[in-house]
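Some notes on the structure that comes next.
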Amino acid sequence: MRAKSASALMAALAFATFARADELSDLAAKATTQQPVLWYESSQPEQIALVTKAFNAKYPAIRIQYVRIPGGNTIAARIIQETQANARTASLMTSGSTQLAPLLERKLVLSRDWQALRVAKDMPQTPFAIPVATSMFVGLYNSRKIPADKAPATWDDFISKRFEGKLGTWVRPPGFVDLVALHGEDKTRDLLKRLVTLKPLLYAAPELIAQQIAAGEIDAGIGFFHSSQATIDSGAPVAVKFLDPTPINTIWGVVIEKGSNPEGAQVLAAWLVSPEGARIYEDATKRGNPWLPGTETAKRVGSNRISQMPLMDMANTARISDDFSKILGDVRAVR
Amino acid sequence: MMPAWPVLALGLLLGWLVLVPLALLTVAAFKPTGLLHDPGFTLNNVAEIYGSGDFWHLVRATLVFGVGSSVFALLTGAALAWLVERTDLPLRNATRTLVILQMAMPPFLLAVGWIMMLSPRTGVVNHALVAMFGLEAPPFDIYTLSGMIFVEGLSLVPSAFLILAPAMRNMDPSLEEAAAMSGASNTQIAAKVTARLLAPALIGTGLYLFMVCLVVFDIPGTIGMPSRIFVISSHIYALANDNPRGLPEYGQIGAIAFFFVVMLVCTAFAYQHFMRSGSRFVTVTGKNFRPRRIPLGRWRPAVFIAVLAYFALTIVMPLAIIVWTSFMPWLQPPSLDALSTATWKNHADVFANPTIATAAAHSLIIALGASSAVALISVLCSYTIVRTRLPGRRLIDLLTFMPLAIPGILLATALIYVYLTFKFVPVYGTIGIIAIAYLTTYLSFGTRSANGVMVQVHAEIEEAARTSGASQAQTLRRVMLPIIWPSIGAIWFWVFAHCLRELTQALMLQGVDNATLPTVLYGYWSTGQPTKAAALGVWMMAIMLCVVIIWRLIERRSASRMGGE
Chain A
0 MRAKSASALM AALAFATFAR ADELSDLAAK ATTQQPVLWY ESSQPEQIAL VTKAFNAKYP
60 AIRIQYVRIP GGNTIAARII QETQANARTA SLMTSGSTQL APLLERKLVL SRDWQALRVA
120 KDMPQTPFAI PVATSMFVGL YNSRKIPADK APATWDDFIS KRFEGKLGTW VRPPGFVDLV
180 ALHGEDKTRD LLKRLVTLKP LLYAAPELIA QQIAAGEIDA GIGFFHSSQA TIDSGAPVAV
240 KFLDPTPINT IWGVVIEKGS NPEGAQVLAA WLVSPEGARI YEDATKRGNP WLPGTETAKR
300 VGSNRISQMP LMDMANTARI SDDFSKILGD VRAVR
Chain B
0 MMPAWPVLAL GLLLGWLVLV PLALLTVAAF KPTGLLHDPG FTLNNVAEIY GSGDFWHLVR
60 ATLVFGVGSS VFALLTGAAL AWLVERTDLP LRNATRTLVI LQMAMPPFLL AVGWIMMLSP
120 RTGVVNHALV AMFGLEAPPF DIYTLSGMIF VEGLSLVPSA FLILAPAMRN MDPSLEEAAA
180 MSGASNTQIA AKVTARLLAP ALIGTGLYLF MVCLVVFDIP GTIGMPSRIF VISSHIYALA
240 NDNPRGLPEY GQIGAIAFFF VVMLVCTAFA YQHFMRSGSR FVTVTGKNFR PRRIPLGRWR
300 PAVFIAVLAY FALTIVMPLA IIVWTSFMPW LQPPSLDALS TATWKNHADV FANPTIATAA
360 AHSLIIALGA SSAVALISVL CSYTIVRTRL PGRRLIDLLT FMPLAIPGIL LATALIYVYL
420 TFKFVPVYGT IGIIAIAYLT TYLSFGTRSA NGVMVQVHAE IEEAARTSGA SQAQTLRRVM
480 LPIIWPSIGA IWFWVFAHCL RELTQALMLQ GVDNATLPTV LYGYWSTGQP TKAAALGVWM
540 MAIMLCVVII WRLIERRSAS RMGGE
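Chains A and B are the protein sequences, given in the same order.
Quick note: numbering that gives the first Met the number 0 has the first sequence finishing at residue 334, numbered continuously throughout.
Quick note: numbering that gives the first Met the number 0 has the second sequence finishing at residue 564, numbered continuously throughout.
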């Protein structure tokens, strides 16, 4: 139902939207006369401060206010609550597809032709979302406990008896859900069930996985590349292994129609997916855009096959996500 | 005759603080999505929660956790309070300060400290015991319900101590002296006189701690969730944050609130039952007295060593682990190898963070505002509940008890709706909404503590003041307040400390410019920088130490003015 209405919207927009060459400048000029752009995301304020500083070097008159929503899973709820109460709400949300679905359902998202704002044609965009960055799901292990020649290198290596009781992962399953796109649903479900029998520790925040590997609490884990970087940068003995296929979870830039300064939000979103904006966002948050050549993320992905559920397959993604969450929930039963 | 308007004013204020959020949560329970303005009504959320076997399994685990933690905290806190206030234990003031200092440690950092000590894989204590006694397996596993009970119990000891210590201090020693004259031993006096005199305070404290354990999240979240040991509060967190479909399950969360309300009503009924018989426990009479100290005799050195061991275990070791972590480049257990990597960088980075100064200012303003408001409102409510016969006073008592039934996540969710809906109170997204959340949350503690002390003060003291021509307000200000001043100070301090470290609600109510120290600390933690989180935690504890010292100085000056110790 959701996917159907979204497809209809896309089709309608294809006919209705006509780009104008100077639309970005027009929007930028209009944005300066309005209240600040309110931006909701889950990154640390210090990280986003670096991004907004660079943005303001280019667009000094567009003011931005940032609110961190920890974990990112309540951004949509907050926008809905604020919109329903006619209160000031975000005009830009950068988050995963699960946050987009409830906003689309309530017709809160602004649709537009992003190419008119100079967004690259070959980016996997829709009228209501553009890919700002991706979270890459990777294998992690303690390089002091596991020598390089014995390091796990494949999904089966990580999810093996060798790591029983010594493995950790995130309590949420989006990495495994995205793996379904290339690995297949049944095969991924079997993998996840095998993981559960290994009695893994399930952490509330993905950042904890690298920390606990560094501390020796677990030997290996499956988590996000970006959320392990702070630990690795501190010199901790944590190594990253890009698995094949590599699941990625895209962070979509979404403009809220009734948000505070939607014009400014469009300018900011378009800048975030420009080569300059993407580089700065990647430097600050360690999450990069694999569709922009030259980003570190594009280089890292390299020849790996990347696996991601299609954005418009939201209903199916939600179904698989529900199913996989329940499987992870069974850890309680075996531990 | 006291006019009725103070009760009305208190009722309106409490209704706004407590009933309005609860009403919105109730409506949310019957909404299909849990979002108030979404269309339709349903019973599905209630049916899904209460028809599920999993929920009743959670209730069982939660009750075990609640009873275990609260009994542990009550026994330990009462023993410490008795030793400090009623015996000749050496270094009593230092002991009091150390117990209180425990409150400075954010509970989730405390949990991290205990994980690093009692983890079966990396726990320092486990490793030491295995090495010392040649054990085949580590003796402790923190990732169990018992581990959670132990750490939660420890974290609540200062609360139990702070409620019980003033009650013990205010006891009239004449009954104990009479028992001693009749040949009763110290043990008999403690069991048959002291414990019975303290019954209202002990029962009130126990029930309060039990309710706190039902809703508390930090320790179940940090220790229990990774190994999938859930209690209701961590289940609520999962419903709010880990729903795979993207929206928090506010409907189910609202439905769970009914369970807490039922638990609370039962607890409140039990509490009121004991308080009604409070006159039996009056211990502060019009007669001048100096509390009698019980000599520990030959047990004195042994008890003192036991107290030292307790502090070594509960303060020195976790604090040492946190301080250690704050100097490490990454999270690692103590070892000589790790020592060679020690660095000041985390502390330097914390002070270089441009948001720290603002967050510290916000935390202090919120803590000062909320703690002062809680102390003031608690005294007024308790005076009305315990010392007057005004109609509606029992309702006031119930309203002050009710916030205990609202877990922090639920209250924050409700407050978002309240202040989005009633925009004439423009606090949404500001530090004001956090202060209101704390005022509501901690009001229960304030009134329980104040009730426990007020009930001990004999009516003859007030009657003497009234006979001398004092008005009710003058009696409260000139007679009651000086007597209960240590308790008010304790309430103020307890709330201040808890406001300074509270995380869950501050995170949920975060706006453009209302960051607090705990949210910055959590930011470090949740972005893979636990060592910086530890560094900030160390400085937060330093702030608390300063506050403890100032408070203790004021308390001593006040006590010496009153002619006490």
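Think of the CB as a built atom: it goes at the ideal place given N, C-alpha and C, for glycine as much as any other residue.
Within this structure, are the beta carbons of residue 125(B) and residue 106(B) separated by less than 7 Å?
Translated into positions along the second sequence, residue 125(B) becomes position 126. Translated into positions along the second sequence, residue 106(B) becomes position 107. No, these two residues do not count as a Cβ contact at 7 Å.
Do you know whose CA, among 130(B), 61(B), 179(B), 339(B), lies nearest residue 212(B)'s CA?
Translated into the one-based positions of the second sequence, residue 212(B) becomes position 213. The candidate whose alpha carbon is nearest that of residue 212(B) is 61(B).
Residue 342(A) in three-state terms, based on DSSP:
Here chain A covers residues 0 to 334 and nothing more, so residue 342(A) does not appear.
Taking the alpha-carbon positions, what's the residue 428(B) to residue 434(B) distance?
In the second sequence, counting from the first residue as 1, residue 428(B) sits at position 429. In the second sequence, counting from the first residue as 1, residue 434(B) sits at position 435. Approximately 11 Å between the Cα atoms of the pair.
Any C-beta of chain A under 7 Å from that of residue 266(B):
What you label residue 266(B) is simply residue 267 of the second sequence in a count that begins at 1. It does not: the Cβ of residue 266(B) has no partner Cβ on chain A nearer than 7 Å.
Extent of the continuous beta strand (DSSP E) to which residue 240(A) belongs:
Here residue 240(A) refers to the residue found at position 241 of the first sequence. The continuous beta strand (DSSP E) containing residue 240(A) extends over residues 237 to 240.
Under 9 Å between beta-carbons, which chain A residues line up against residue 224(B)? List them in chain order, please.
For the purposes of this step, residue 224(B) is taken as the residue at position 225 of the second sequence. Listed by position along chain A, the residues whose Cβ is nearer than 9 Å to that of residue 224(B) are 170, 201, 202, 203.
Span separating the alpha-carbon of residue 375(B) from that of residue 72(B)
Locating residue 375(B) in the second sequence gives position 376, where the first residue counts as 1. Locating residue 72(B) in the second sequence gives position 73, where the first residue counts as 1. Residue 375(B) and residue 72(B) have their alpha carbons spaced roughly 27 Å apart.
How many Å lie between residue 499(B) and residue 43(A) at the Cα?
For the purposes of this step, residue 499(B) is taken as residue 500 along the second sequence, with counting starting at 1. For the purposes of this step, residue 43(A) is taken as residue 44 along the first sequence, with counting starting at 1. Rounded to the nearest angstrom, the two C-alpha atoms are 21 Å apart.
Local Cβ density within 10 Å of residue 455(B), reported as buried at 16 or more and exposed below that
Sequence index remark: in the second sequence, residue 455(B) carries index 456 (1-based). Buried, because 16 or more other Cβ atoms sit within 10 Å of the Cβ of residue 455(B).
Helix, strand or coil: which one does DSSP assign to residue 92(A)?
For the purposes of this step, residue 92(A) is taken as the residue at position 93 of the first sequence. Residue state for residue 92(A) is assigned as strand, using DSSP reduced to three classes.
So, does the region 94 to 103 of chain A touch the region 243 to 260 of chain A, judging by three or more C-beta pairs under 8 Å?
Output reads yes: the region 243 to 260 of chain A touches the region 94 to 103 of chain A.
Cα-Cα, which of 278(A), 84(A), 124(A) is closest to residue 96(A)?
As a position in the first sequence, residue 96(A) is number 97, starting the count at 1. Closest option to residue 96(A), Cα to Cα, is 124(A).
For residue 34(A), report the span of its beta strand (DSSP E) as first-last.
Numbered from 1 along the first sequence, position 35 holds the residue referred to as residue 34(A). Careful: residue 34(A) lies outside any beta strand (DSSP E) and carries neither H nor E.
For a minimum of 4 consecutive residues, which ranges assigned as the alpha helix (DSSP H) are wholly contained in the region 217 to 280 of chain A?
Along the region 217 to 280 of chain A, the alpha helix (DSSP H) occurs as fully enclosed runs of 4 or more residues at 224 to 232, 261 to 271, listed in sequence order.
What distance in whole Å lies between the Cβ atoms of residue 283(A) and residue 289(A), which are believed to be in contact at a cut-off of 8 Å?
Translated into the one-based positions of the first sequence, residue 289(A) becomes position 290. Translated into the one-based positions of the first sequence, residue 283(A) becomes position 284. At roughly 17 Å, the Cβ-Cβ gap does not stay under 8 Å, so residue 289(A) and residue 283(A) are not in contact.
Which residue from 86(B), 140(B), 16(B) puts its Cα closest to that of residue 413(B)?
Here residue 413(B) refers to the residue found at position 414 of the second sequence. Of 86(B), 140(B), 16(B), the smallest CA-CA separation from residue 413(B) is found for 16(B).
Neighbourhood of residue 122(B) by C-beta, 6 Å cutoff - its chain only, sequence neighbours within 5 removed:
Sequence index remark: in the second sequence, residue 122(B) carries index 123 (1-based). Once the five neighbours on either side are set aside, the close Cβ partners of residue 122(B) are 116.
Hey, does residue 564(B) have any beta-carbon neighbour from chain A nearer than 7 Å?
As a working note, residue 564(B) is residue 565 in the second sequence. Because residue 564(B) sits at a pLDDT of 47, beneath the cut-off of 50, its placement in the model cannot be relied upon, and the following sentence gives the value as read from the coordinates. With 7 Å as the cut-off, residue 564(B) does not count as an interface residue toward chain A.
With a CB to CB cut of under 8 Å and the five nearest residues on each side skipped, what residues in its chain are close to residue 367(B)?
Taking the first residue of the second sequence as position 1, residue 367(B) is located at position 368. Excluding the 5 residues flanking it on each side, residue 367(B) has same chain C-beta neighbours closer than 8 Å at 495, in chain order.
From the DSSP output, read off the bridge partner residues of residue 64(A).
What you label residue 64(A) is simply residue 65 of the first sequence in a count that begins at 1. Paired residue(s): 37(A).
Give a yes or no on whether 7 Å exceeds the smallest Cβ distance from residue 73(A) to chain B.
Mapped onto the first sequence, residue 73(A) falls at position 74. Residue contact check for residue 73(A) against chain B: a CB pair falls below 7 Å.
Residues sharing a beta bridge with residue 129(A), DSSP
Translated into positions along the first sequence, residue 129(A) becomes position 130. For residue 129(A), which the question treats as bridged, DSSP gives the partners 252(A).
List the residues of chain A that residue 522(B) touches, going by C-beta distances under 9 Å, in chain order.
As a position in the second sequence, residue 522(B) is number 523, starting the count at 1. Correct list: 43, 44, 45, 67, 69.
Using alpha carbons as the reference points, say which of 20(B), 291(B), 507(B) lies closest to residue 170(B).
Taking the second sequence and counting its residues from 1, one reaches residue 170(B) at position 171. Ranking 20(B), 291(B), 507(B) by Cα distance to residue 170(B) puts 291(B) first.
Residue 169(A) in three-state terms, based on DSSP:
Taking the first sequence and counting its residues from 1, one reaches residue 169(A) at position 170. Reduced to three states, the DSSP call for residue 169(A) is strand.
Taking only beta-carbon positions, decide if residue 329(B) is within less than 7 Å of chain A.
As a working note, residue 329(B) is residue 330 in the second sequence. Chain A, which has a Cβ nearer than 7 Å to the Cβ of residue 329(B), makes this yes.
Residue 216(A) to residue 305(A) span [Cα, whole Å]:
Within the first sequence, numbered from 1, the residue matching residue 216(A) stands at position 217. Within the first sequence, numbered from 1, the residue matching residue 305(A) stands at position 306. Distance between the alpha carbons of residue 216(A) and residue 305(A) is about 30 Å.
Measuring straight from C-alpha to C-alpha, what distance separates residue 145(A) and residue 240(A)?
In the first sequence, residue 145(A) corresponds to position 146, counting from 1. In the first sequence, residue 240(A) corresponds to position 241, counting from 1. The straight-line gap from Cα to Cα measures roughly 13 Å.
Residue environment, residue 55(B), which counts as buried when at least 16 other CB atoms sit within 10 Å
For this step, residue 55(B) is matched to residue 56 along the second sequence. By the C-beta density criterion, residue 55(B) is exposed, having fewer than 16 other C-beta atoms within 10 angstroms.
Return the residue from the list 55(A), 61(A), 54(A), 319(A) that minimises the CA-CA distance to residue 27(A).
Against the first sequence, residue 27(A) aligns to sequence position 28. Cα-wise, what sits closest to residue 27(A) is 61(A).
Between 329(A), 54(A), 308(A), which has its C-alpha nearest residue 183(A)'s C-alpha?
Taking the first residue of the first sequence as 1, we reach residue 183(A) at position 184. Nearest option by C-alpha distance: 308(A).
Would you kindly work out how many angstroms separate the C-alpha atoms of residue 364(B) and residue 439(B), rounded to a whole number?
Position 365 of the second sequence, counting from 1, holds the residue named residue 364(B). Position 440 of the second sequence, counting from 1, holds the residue named residue 439(B). Their backbone Cα atoms lie some 16 Å apart in a straight line.
If we ignore side chains and look at the alpha-carbon of each, how far apart do residue 574(B) and residue 194(B) end up?
Outside the shown range of chain B (0 to 564) lies residue 574(B), about which nothing can therefore be said.
Should the region 77 to 84 of chain B be regarded as contacting the region 463 to 482 of chain B, the criterion being three or more beta carbon pairs within less than 8 Å?
Taking a contact to require three or more Cβ pairs closer than 8 Å, the region 77 to 84 of chain B and the region 463 to 482 of chain B do not qualify as touching.
Measure how close the beta-carbons of residue 354(B) and residue 519(B) come, nearest whole angstrom, since I'm counting them as under 8 Å.
By 1-based counting over the second sequence, the position of residue 354(B) is 355. By 1-based counting over the second sequence, the position of residue 519(B) is 520. So it is a contact: roughly 6 Å between Cβ atoms.
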